[in-house]
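Residue 2 in my numbering is what sits at position 20 of the sequence shown, and the numbering runs on without skipping anything.
The next block holds one structure in the form of structure tokens; read it before the comments.
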Amino acid sequence: MSGHFDPHAADEVYRAGVPLEDATGVVILLHGRGASARDILSLAGALGGEQLKLAFLAPQAAGSTWYPNSFLAERESNEPWLSSALAKVQSVVELAEAAGVTRERIVVGGFSQGACLATEFVATHPARYAGLIAWTGGLVGPLGSDVSHAGELAGTPAFQGSGDPDPHVPWSRVEESARVLTAMGAKVTSRRYPGKPHSVSAEEIEFARELVWGAFSGNTGVT
């Protein structure tokens, strides 16, 4: 990370669902630009938290923004915030691991800027996760740049949903991200919604719910 400036390090991690020490699994939710951890935690109930005995963890970004510029900007222009954001997610994963929850029992998800951060985190910290949920997001980097990553996701189920056109996330980057994740061994389900506003639709929440239930209840997950 550039210098010693770590803008997200001290910000709070909010919680919902069952206590972490009692959880059978963990869902990490990353909010979008200008939103809050409390906002995205409101989805915990819709994803089946209480029934599945899941703990939900949502870190708060400094100034409600994970990084200052578009995720399609030159990577250097988003530093050190981007590296700090990735480190923050890593610290939340380690919080779960310290409670005995392995990565195979951790879902990482988010909306918009949080979806980009979730996707970038899973690609740059490859392992078998319980799942990746990307509501309107993709891998970080300028259009036309190489956003591929090395590593093995070992069958990690991933859901991507996005409107087309979207004012912030081109569908081409969603497709490109799906190709990269698939090449890394993820099982990716992508859904394109023509004309959908920059928001999370009821159908996208249902896809995410199916992924979560598939991961933690023994069902097959998204189809």
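Note that beta-carbon positions come from the ideal geometry of N, C-alpha and C, so glycine has one too.
Treat the numbers as computed from the prediction; the structure is a model and nothing was measured.
Assuming residue i contacts residue j under a Cβ cut-off of 8 Å, what Cβ separation, rounded to an integer in Å, is found between them?
| i | j | result |
| --- | --- | --- |
| leucine 36 | glycine -1 | 5 Å |
| glycine 96 | leucine 12 | 3 Å |
| alanine 67 | histidine -10 | 6 Å |
| alanine 80 | aspartate -12 | Between aspartate -12 and alanine 80 the Cβ distance is about 20 Å, and since that is not below 8 Å, they are no contact. |
| arginine 85 | alanine 109 | 5 Å |
Tell me which same chain residues have a C-beta within less than 7 Å of the C-beta of residue i, skipping the five on either side of it?
| i | result |
| --- | --- |
| alanine 190 | Leu29, Gly91, Ile115 and Phe141 |
| asparagine 51 | Ser59 and Asn60 |
| histidine 107 | Gln72 |
| alanine 26 | Ala(-2), Gly(-1) and Phe38 |
| threonine 14 | In the sequence as displayed, the identity of residue 14 is glycine instead of threonine. So the qualifying residues of the chain are Phe93, Ser94, Gln95 and Gly96. |
| valine 182 | Phe93 and Trp117 |
Mind checking residue i: buried by the 16 CB within 10 Å criterion, or exposed?
| i | result |
| --- | --- |
| threonine 6 | exposed |
| glutamate 56 | exposed |
| glycine 120 | buried |
| glycine 133 | exposed |
| phenylalanine 93 | buried |
| phenylalanine 198 | buried |
| alanine 184 | exposed |
| glutamate 76 | exposed |
| glutamate 3 | exposed |
| glutamate 32 | exposed |
| glutamate 188 | exposed |
| glycine 123 | buried |
| leucine 159 | The question names leucine, but residue 159 in the sequence shown is serine. Its Cβ being crowded by 16 or more others within 10 Å, serine 159 is buried. |
Say whether chain D places a C-beta atom closer than 9 Å to the C-beta of residue i.
| i | result |
| --- | --- |
| alanine 17 | Here chain D cannot be found, since the structure has a single protein chain. |
Ignore the nearest five residues each way along the sequence and tell me which others in residue i's own chain have a CB closer than 6 Å to its CB.
| i | result |
| --- | --- |
| glycine 16 | Ser46 |
| alanine 168 | Leu135, Thr138 and Ala140 |
| leucine 163 | Ala140 and Val170 |
| alanine 42 | Correcting the residue type first, residue 42 is glutamine in the shown sequence and not alanine. Around glutamine 42: Asp(-7), Glu(-6) and Ala19. |
At what residues does the alpha helix (DSSP H) containing residue i begin and finish?
| i | result |
| --- | --- |
| tryptophan 63 | 63 to 80 |
| leucine 193 | 184 to 199 |
| aspartate 21 | 19 to 23 |
| serine 159 | 153 to 165 |
| phenylalanine 105 | For the record, residue 105 in the displayed sequence is alanine; it is not phenylalanine. Per DSSP, alanine 105 belongs to the alpha helix (DSSP H) from 95 to 106. |
Just to confirm the assignment, what range does the beta strand (DSSP E) spanning residue i have?
| i | result |
| --- | --- |
| leucine 114 | 113 to 117 |
| glutamine 142 | 139 to 146 |
Near residue i, which residues of its chain fall below 8 Å by C-beta distance, leaving aside the five closest residues on each side in sequence?
| i | result |
| --- | --- |
| glutamate 157 | Ser172 |
| valine 74 | Val(-5), Ile10, Leu39 and Pro41 |
| valine 89 | Gly7, Val8, Val9, Ile10, Tyr111, Ala112, Gly113, Leu114, Ile115, Leu193, Val194 and Ala197 |
| histidine -14 | none |
Note to self: Is it the case that the region 171 to 185 contacts the region 146 to 161, given that we only count it when at least three CB pairs across the two stretches are under 8 Å?
What the structure shows: The region 146 to 161 makes contact with the region 171 to 185: 3 or more CB pairs, one atom from each, lie closer than 8 Å.
Check: Any chance the region 17 to 26 sits against the region 99 to 107, with 3 or more Cβ pairs inside 8 Å?
Finding: no
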